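Asks: Supplied in structure tokens, the structure appears directly below.
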Amino acid sequence: MQVAKAELGVPMIMEAEDMVKAPEDLSIMTYVSYFQQAEEKQKESSGNADPTKTELSGEGIVSAKVGVVAFFTIIAKDSTGKRRVVGGESFVVHIKNANGVEIPVNVKDNNNGSYSVTYTPQDPAELTVTVSLGSTQVAQRKVHVIPVAYEFNVRGNGVAGGSVGFPASLI
0 MQVAKAELGV PMIMEAEDMV KAPEDLSIMT YVSYFQQAEE KQKESSGNAD PTKTELSGEG
60 IVSAKVGVVA FFTIIAKDST GKRRVVGGES FVVHIKNANG VEIPVNVKDN NNGSYSVTYT
120 PQDPAELTVT VSLGSTQVAQ RKVHVIPVAY EFNVRGNGVA GGSVGFPASL I
């Protein structure tokens, strides 16, 4: 309830324990209605996402591994810097390797003001990630892609010992 008050402006008309111990239907209905009002107010007052306030977060905007799905999140914010609570924005993400070849990317609207972005790098090289909203660039970042370490099991008498100049067998 404190988070609802701080983030959405929903008044604390009752204590959380009141909802558990002695719930009153009208009080609960009134409290829940404040959430609907807060959402409508958010839609009206904040307008669309502001590209200059929107943020990116997650490991996939900094580094990634070859052949492993990388991800990051776009967090839409309005012109006052408040996080949007609804989706519907048209964010465009382009990811290119050093040769300018586009890497396939998926952007999913989570319908809560955040957008999940996934991609899978195929080569250990630097990528350029560009995020735009409409014709305005939100951010451009360099992502370092590292190769995946492989583990090998080696057996044979050449592993345990050997002599310089003599053949050793490995399986």
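Position 79 (the sequence shown) corresponds to 78 in numbering that gives the first Met the number 0; numbering is contiguous. Glycine included, C-beta positions come from ideal geometry on N, C-alpha and C. All of these numbers come straight from a predicted model, not from anything done at the bench.
How many angstroms separate the CA atom of Ser44 from the CA atom of Gly66?
Replies: For the purposes of this step, residue 44 is taken as residue 45 along the sequence shown, with counting starting at 1. For the purposes of this step, residue 66 is taken as residue 67 along the sequence shown, with counting starting at 1. With a pLDDT of only 47 at Ser44, under 50, the local geometry of the prediction cannot be trusted, and no value is derived from it.
Asks: The beta strand (DSSP E) spanning Lys20 covers which residue range?
Replies: As a working mapping, residue 20 is identified with position 21 in the sequence shown. Note, Lys20: premise wrong, no beta strand (DSSP E); alpha helix (DSSP H) at 15 to 20.
Asks: Please report the residue range of the beta strand (DSSP E) in which Ser115 lies.
Replies: Counting from 1 along the sequence shown, the entry for residue 115 is found at position 116. It spans 113 to 118 - the beta strand (DSSP E) in which Ser115 sits, taken as one unbroken run.
Asks: Using DSSP with H/G/I as helix, E/B as strand and the rest coil, what is Ser44?
Replies: Taking the sequence shown and counting its residues from 1, one reaches residue 44 at position 45. Interpretation of Ser44 is limited by its pLDDT of 47, a score under 50 that renders its predicted location unreliable; the figure taken from the coordinates is listed afterwards. Helix.
Asks: For Pro166 and Ala148, I'd like the C-alpha separation in whole angstroms.
Replies: As a first step, residue 166 is located in the sequence shown; it is residue number 167 there, counting from the start. As a first step, residue 148 is located in the sequence shown; it is residue number 149 there, counting from the start. Each residue's Cα considered, the two are about 28 angstroms apart.
Asks: When you compare the segment 110 to 124 with the segment 67 to 85, are there three or more beta-carbon pairs, one atom per stretch, that lie closer than 8 angstroms?
Replies: Taking 8 angstroms as the limit for Cβ pairs, the verdict is that the segment 67 to 85 does touch the segment 110 to 124.
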